[in-house]
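Novice: The structure under discussion is supplied below as structure tokens; questions concerning it will follow.
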Amino acid sequence: MNKKKLLFISLCIFQTLFMTGCWDRTELNDLAIALATAADIEEDDVIRTTVQFALPGKMGGATSGGGGGGAEDNIAYVDSDVGTTLREAVGKMQRRMSQRITFSHRRVFIVSEELAKKGIRDMFDTTARVAQNRLSAYIIVAKGKAYDLLKAEPQFERFSGENILYLAEARGVISVNMRQAAQSISSFGSDTILAYMTVTKSQLSNEISDEIEFLGYAQFRDDKMVGIFEGEQAHGLMWLRNELSPYTTIVEIKEDKYAAINIKNGRIQIKPKLKEDHIEFSIKIDINANLVEDFSRSDMTKLNDKDLFNRKLEEHIKAAVEGAVKVIQENKADSANLGLLVNRHFPKQWEEKYGKNWYEELSKAKFTIIANANITDAGLVSENISKGEEPE
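So the sequence shown is numbered by UniProt numbering: it starts at 1 and just counts up by one.
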């Protein structure tokens with residue numbers, strides 16, 4: 001054996017002396033994995049923190065399929081406590097748990113409407129300071145108590161936190177995570193919006209179950225909730241923010257005769273103009289849609305009927321945007337980031353005049369809205385297949 005081989009073998013043997021194994025390992029069973037968190041305001045302004053934990057021992061196996069079940073099938077456990085801060089409440093929970101609480105897998109953070117109206121800025125402090133917390137977690141406002149959303153037992157998911165996550169990520173919903181919300185709150189000329197949800201009762205056979213429902217968006221000025229966008233106002237806000245995703249809306253075509261129209265895509269252009277005593281926003285909307293249901297008994301092969309549908313859809317979208325603008329101006333909250341638009345187009349005037357008193361300027365701004373709709377697809381038929389022939 002030559003000297004090089006001998007030296008190599010000696011080094012290998014020497015290195016094994018420093019291989020002490022996984023001395024710092026953390027087993028899954030040693031962790032209490034937080035899936036979702038809720039924060040409520042209690043008497044004397046103490047914070048109630050509610051956490052939904054995963055139960056790893058009940059995950060997988062024969063009962064791991066979708067759908068709800070009894071308490072014996074639950075794969076999540078909900079605990080709660082109060083404190084002057086979020087961490088104090090979590091610390092109290094930690095003292096009665098053998099596992100170490102970790103928030104590295106939390107995807108949902110819920111605040112109650114009452115707490116949101118008092119201000120949510122403090123809620124971001126711990127999230128940013130502790131490395132394991134995800135800034136990509138979605139932040140939700142609950143109508144009523146936040147912990148009610150975590151206590152719900154939806155039928156389509158195994159635990160409520162997952163149901164809330166899927167609703168926040170659903171098509172047609174403006175998703176806002178904690179990083180985006182914090183950036184919007186800290187920027188002047190824009191205000192954040194957050195998904196607004198509640199617990200509703202769903203009748204299922206002889207059994208009543210709790211389901212979580214998306215209602216619209218909670219509107220904020222600075223870090224305080226000041227209003228709500230619901231129904232078509234929420235769709236109008238989606239247009240104003242240029243965050244459109246496909247959705248279906250119901251349009252009145254004739255008196256008490258309605259049609260369901262799917263908005264496939266579209267484009268919005270917003271141009272600010274400075275007038276002597278106010279700002280004017282010129283808005284142009286292009287809409288591409290298809291017809292999915294028609295109770296007006298129209299024939300889309302006829303030019304007059306198709307023009308009627310396009311005109312009614314234009315009026316409908318215009319009214320939705322006007323509804324969103326009304327909420328923005330009444331509550332003096334820039335949910336559509338219009339201040340950033342003015343600053344981008346007129347930086348000097350923004351610095352000298354408009355930025356100093358933006359909410360007042362926003363409340364008296366004028367809006368001109370033009371909508372152009374094009375229904376390109378009426379499906380496989382041009383009219384109801386059960387419609388009889390008209391007498392000659």
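Cβ coordinates follow ideal geometry from the N, Cα and C atoms, glycine included.
1) Tell me the DSSP bridge mates of N265?
2) If you follow the alpha helix (DSSP H) that L237 is part of, which residue opens it and which one closes it?
3) State the Cα-Cα distance for the pair N2 and I13, rounded to the nearest angstrom.
4) For I212 versus N288, is the C-beta distance shorter than 8 Å?
5) Please classify V251: does DSSP put it in a helix, a strand, or coil?
6) Is the region 99-115 in contact with the region 27-42, if contact means three or more CB pairs nearer than 8 Å?
7) If contacts are defined as beta-carbon pairs under 8 Å, then A336 and L237 qualify, I think. What distance do you get, rounded to the angstrom?
8) From which residue to which residue does the alpha helix (DSSP H) around F309 run?
9) Using the three-state DSSP reduction, which class does M97 fall into: helix, strand or coil?
10) Could you give the distance in angstroms between the alpha-carbon of N374 and the alpha-carbon of L86?
11) Could you pull out every residue in the same chain whose Cβ sits closer than 6 Å to the Cβ of K312, ignoring the five residues on either side in sequence?
12) Would you identify the three-state DSSP class for K271, choosing helix, strand or coil?
13) Check G83 in the structure and name its three-state DSSP category.
14) Report the start-end ranges of each alpha helix (DSSP H) in the region 170-234 that is 4 residues or longer and not cut off at the edges.
15) Could you tell me the boundaries of the beta strand (DSSP E) in which D377 lies?
16) Quick check on the DSSP output: the alpha helix (DSSP H) that includes V342 runs from which residue to which?
17) Cα-Cα, which of L194, Q155 and S298 is closest to residue 445?
18) Going residue by residue through the region 86-147, where are the continuous alpha helix (DSSP H) segments of at least 4 residues, counting only ones entirely within it?
19) Quick check on A168: does DSSP put it in helix, strand or coil?
20) For the putative contact between Q219 and V226, defined by C-beta atoms under 8 Å, what is the C-beta separation to the nearest angstrom?
21) When we look at the beta-carbon of A378 and count the other beta-carbons within 10 Å, is it buried (16 or more) or exposed?
22) Could you give the distance in angstroms between the alpha-carbon of L7 and the alpha-carbon of T126?
23) Quick test of your reading: K143 and Y196, contact by CB under 8 Å. State the CB separation rounded to the nearest angstrom.
24) Looking at T50 and Y138, is the spacing between their C-beta atoms short of 8 Å?
25) Mapping the DSSP letters down to three states, classify F8 as helix, strand or coil.
26) In the DSSP assignment, the beta strand (DSSP E) including L244 goes from what residue to what residue?
27) Considering Cα atoms alone, identify which of N331, I283 and S298 is closest to E314.
28) So, helix, strand or coil for Q52, using DSSP?
29) If you drop the 5 nearest sequence neighbours on each side, which residues of the same chain put their C-beta closer than 6 Å to that of R129?
30) Assign Q183 to buried or exposed, taking buried as 16 or more other Cβ atoms, counted over all protein chains shown, within 10 Å of its Cβ.
31) Starting from S363, trace the alpha helix (DSSP H) in both directions and tell me its first and last residue.
32) What separation, rounded to the nearest whole angstrom, lies between the Cα atoms of L338 and L135?
33) Between the alpha carbons of N78 and V325, how many angstroms are there, rounded?
34) Which one of D30, E157 and E114 has the shortest CA to CA distance from Q99?
35) How about F124 and M178: do their beta carbons lie closer than 8 Å?
36) Tell me the residue span of the beta strand (DSSP E) that contains D40.
Specialist: On the basis of the coordinates in this document:
1) N288
2) E232 to L240
3) 17 Å
4) no
5) strand
6) yes
7) 7 Å
8) L303 to N331
9) coil
10) 51 Å
11) V251 and I253
12) strand
13) strand
14) 178-186
15) K366 to D377
16) L338 to H345
17) Look at the range of the chain in this structure, 1 to 392, and you will see that residue 445 is not part of it.
18) 86-94, 113-118 and 123-129
19) helix
20) 6 Å
21) buried
22) 53 Å
23) 7 Å
24) no
25) helix
26) That residue, L244, is in no beta strand (DSSP E); it is neither H nor E in DSSP.
27) I283
28) strand
29) none
30) exposed
31) W358 to S363
32) 25 Å
33) Note on residue identity: the sequence assigns Val, not Asn, to residue 78. Taking the straight line from one Cα to the other gives about 40 Å.
34) D30
35) yes
36) L31 to I41
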